[in-house]
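Participant: Just passing along the structure, written as structure tokens.
Numbering (the UniProt record's numbering), first residue to last: 1 to 416.
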């Protein structure tokens, strides 16, 4: 920190710019700040560095800006760089775990002790501490960027002007702007659903303000958005089926969390036996509703909101089922592979194929093609009856019928 930045040391410049930033926060409501410093108490020697040299110099509190400014004036850079230990202890500095807690870490070096900042960051997350620091590197070689990826949002400042701009940007993003985190919650209320489109409208209108793909950040938390707090929003999440939250008001200059229930599971279809006739679509409907929600390709998994669905498998004949979608699990619906029916006749015939459902119940499957003497049908296994007559014969008494069975992956040829 004692290296030169222009006409003064990097440390003196950093203190001056930081003091200006602290002073600018005096009139921001509902914001408390604290000051933790490391590497300022014990000097580094050829044989010793104090890796415990980290201290909360000014605790969080109201109207403590002047105390922080006074302390900044007295600090001297003389010790080592115990980033991991400082990060770990800083997590305990915040008096209110439920508030939006932010660390701004300013450093001109990487971890100098044996601790691993990434390991510490993981331990904090395991304890439910979701503090993600803003890391500002002063004149740091960009090759060190990977050292900070795991625990913070890294910004580089190569000179005093860049540091002032970066610090202002970080403070604005963290404290001044109205920020929003949209939690797409599982059935257990955990914000783990993601990778789905979100449409943000001015409330009560079709005026689309923003369109986003929901994203979890590097630490698997919903990414932070900056939104205009003067607008009320309706949020439409394009799950299947869509979920919506209306008339959302944002609190200005603080971090807002919007919770939307969007629990999802996966629905997949497959044949019980291998088949080359797998190009089948499935019509998906919400249970009890006739409107098509989605036409799903066979064997392609698809996410749906947790619940029950009516499905129409577009085989010959159609197969109908009611299926359940459960949180974060895959429900695989299986049906038998089809068989092949080949019909041939020496003259054109007219007729229909029926599936035998009961003793005297026939359910229509399809009509014969009257433009050819050879028909081919891909049918689900079952018992069938064909009723037909030659097209040119003009008396009902020439009607004939045949019953037959279809088996998976078997071909049947019938001469009419």
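Glycine included, every Cβ here is placed at the ideal spot set by N, Cα and C.
If you follow the alpha helix (DSSP H) that residue 163 is in, where does it begin and where does it stop?
Facilitator: It spans 160-171 - the alpha helix (DSSP H) in which residue 163 sits, taken as one unbroken run.
Participant: From residue 381 to residue 297, what does the alpha carbon distance come to, in whole angstroms?
Facilitator: Computed Cα separation, rounded: 21 angstroms.
Participant: Can you list, in chain order, the stretches of the alpha helix (DSSP H) that have 4 or more residues and sit fully within the stretch 330-383?
Facilitator: Segments of the alpha helix (DSSP H) lying fully in the stretch 330-383: there are none.
Participant: Using only alpha-carbon positions, find the residue among 334, 316 and 386 that is nearest to residue 323.
Facilitator: Cα-wise, what sits closest to residue 323 is 334.
Participant: Should the stretch 39-54 be called in touch with the stretch 14-21, which here means at least 3 C-beta pairs below 8 angstroms?
Facilitator: Because the criterion of three Cβ pairs below 8 angstroms is not met, the stretch 39-54 and the stretch 14-21 do not touch.
Participant: Quick check: what's the CA-CA separation for residue 163 versus residue 9?
Facilitator: Near 14 angstroms, if we compare the C-alpha coordinates of residue 9 and residue 163.
Participant: Extract the residue ranges of the alpha helix (DSSP H) inside the stretch 21-106, only unbroken runs of 4 or more that lie entirely within it.
Facilitator: The qualifying runs are 65-74 and 83-90.
Participant: Using a Cβ-Cβ cut-off of 7 angstroms (strictly less than) and excluding sequence neighbours within five positions of residue 346, which residues of its own chain qualify?
Facilitator: These residues qualify, in order along the chain: 373.
Participant: Alpha carbon to alpha carbon, what distance is there between residue 283 and residue 314?
Facilitator: One C-alpha to the other measures close to 7 angstroms.
Participant: On the premise that residue 295 lies in contact with residue 281, defined as a C-beta separation below 8 angstroms, what is that separation, rounded to the nearest angstrom?
Facilitator: With a Cβ gap of about 5 angstroms, residue 281 and residue 295 count as contacting.
Participant: If you draw a straight line from the alpha carbon of residue 27 to that of residue 21, how long is it in whole angstroms?
Facilitator: Going from the Cα of residue 27 to the Cα of residue 21 covers about 12 angstroms.
Participant: With H, G and I counted as helix, E and B as strand and the rest as coil, what does DSSP make of residue 144?
Facilitator: Note that residue 144 has pLDDT 46, beneath the 50 cutoff, so the model's placement of it is unreliable and no number is given.
Participant: What does the Cβ neighbour count give for residue 94, buried or exposed, with the cut at 16 atoms within 10 Å?
Facilitator: Buried is the call here.
Participant: I need the straight-line Cα distance from residue 114 to residue 13, nearest angstrom please.
Facilitator: Whole-angstrom Cα-Cα distance: 29 angstroms.
Participant: With H, G and I counted as helix, E and B as strand and the rest as coil, what does DSSP make of residue 274?
Facilitator: Coil, per DSSP.
Participant: From which residue to which residue does the beta strand (DSSP E) around residue 433 run?
Facilitator: Only positions 1 to 416 of the chain appear in this structure, which leaves residue 433 out of reach.
Participant: List the endpoints of the continuous beta strand (DSSP E) containing residue 237.
Facilitator: Per DSSP, residue 237 belongs to the beta strand (DSSP E) from 233-237.
Participant: Could you spell out where the beta strand (DSSP E) holding residue 189 opens and where it closes?
Facilitator: Element bounds for residue 189: n/a, residue is neither H nor E.
Participant: Just to check my reading of the structure: residue 277 and residue 378 have Cβ atoms closer than 8 angstroms, yes? What is that Cβ distance to the nearest angstrom?
Facilitator: Yes, residue 277 and residue 378 are in contact; Cβ-Cβ is about 5 angstroms, under 8 angstroms.
Participant: In the DSSP assignment, the beta strand (DSSP E) including residue 207 goes from what residue to what residue?
Facilitator: Where residue 207 is concerned, there is no enclosing beta strand (DSSP E), given that its DSSP letter is neither H nor E.
Participant: Which residues in the same chain as residue 301 place their Cβ atom closer than 6 angstroms to its Cβ, once the five residues preceding and following it in sequence are excluded?
Facilitator: 266 and 268.
Participant: What does the alpha-carbon distance come out to for the pair residue 386 and residue 415?
Facilitator: Distance between the alpha carbons of residue 386 and residue 415: 12 angstroms.
Participant: Counting only the same chain and skipping the five closest in sequence on each side, list residues whose C-beta sits under 6 angstroms from that of residue 245.
Facilitator: Excluding residues within five positions, the ones whose Cβ falls inside 6 angstroms are 235 and 260.
Participant: Going by DSSP, what residues sit across from residue 256 in a beta bridge?
Facilitator: The partner list for residue 256 (beta bridge, DSSP) reads 180.
Participant: What residue range is occupied by the uninterrupted beta strand (DSSP E) comprising residue 312?
Facilitator: That run of the beta strand (DSSP E) goes 307-313.
Participant: Can you tell me the Cα-Cα spacing of residue 111 and residue 156, whole angstroms?
Facilitator: Between residue 111 and residue 156, the C-alpha separation is close to 16 angstroms.
Participant: By the three-class DSSP mapping on this structure, what secondary structure does residue 279 have?
Facilitator: Residue 279 falls in the coil class under three-state DSSP.
Participant: Keeping to the same chain, check which residues put their C-beta closer than 6 angstroms to that of residue 224; ignore five residues upstream and five downstream.
Facilitator: So the qualifying residues of the chain are 179 and 181.
Participant: Need the endpoints of the beta strand (DSSP E) that residue 323 sits in, please.
Facilitator: Where residue 323 is concerned, the enclosing beta strand (DSSP E) stretches over 319-325.
Participant: Can you have a look at residue 339 and say buried or exposed, based on whether 16 or more other CB atoms are within 10 angstroms of its CB?
Facilitator: When all chains shown are included, residue 339 counts as buried.
Participant: Closest to residue 252 by C-alpha separation, out of 241, 274 and 226, would be which residue?
Facilitator: Per the Cα distances, 226.
Participant: Since I believe residue 60 is in contact with residue 88 (beta carbons under 8 angstroms), could you give me their beta-carbon distance rounded to a whole number of angstroms?
Facilitator: Not quite, the Cβ-Cβ distance comes to about 17 angstroms (not below 8 angstroms), so this is no contact.
Participant: Using the Cα positions of residue 303 and residue 90, report the straight-line distance between them to the nearest angstrom.
Facilitator: Their Cα atoms are separated by approximately 40 angstroms.
Participant: Looking only at its own chain, which residues have a Cβ that is under 8 angstroms from the Cβ of residue 327, when we skip the five neighbours before and after it?
Facilitator: Answer for residue 327: 186, 187, 188, 263, 264, 265 and 306, listed in chain order.
Participant: In or out: residue 318 buried (at least 16 other Cβ within 10 Å) or exposed?
Facilitator: It counts as exposed.
Participant: On the CB-based measure, 16 or more other CB atoms within 10 Å of its CB, does residue 51 come out buried or exposed?
Facilitator: Buried: at least 16 other Cβ atoms inside 10 Å.
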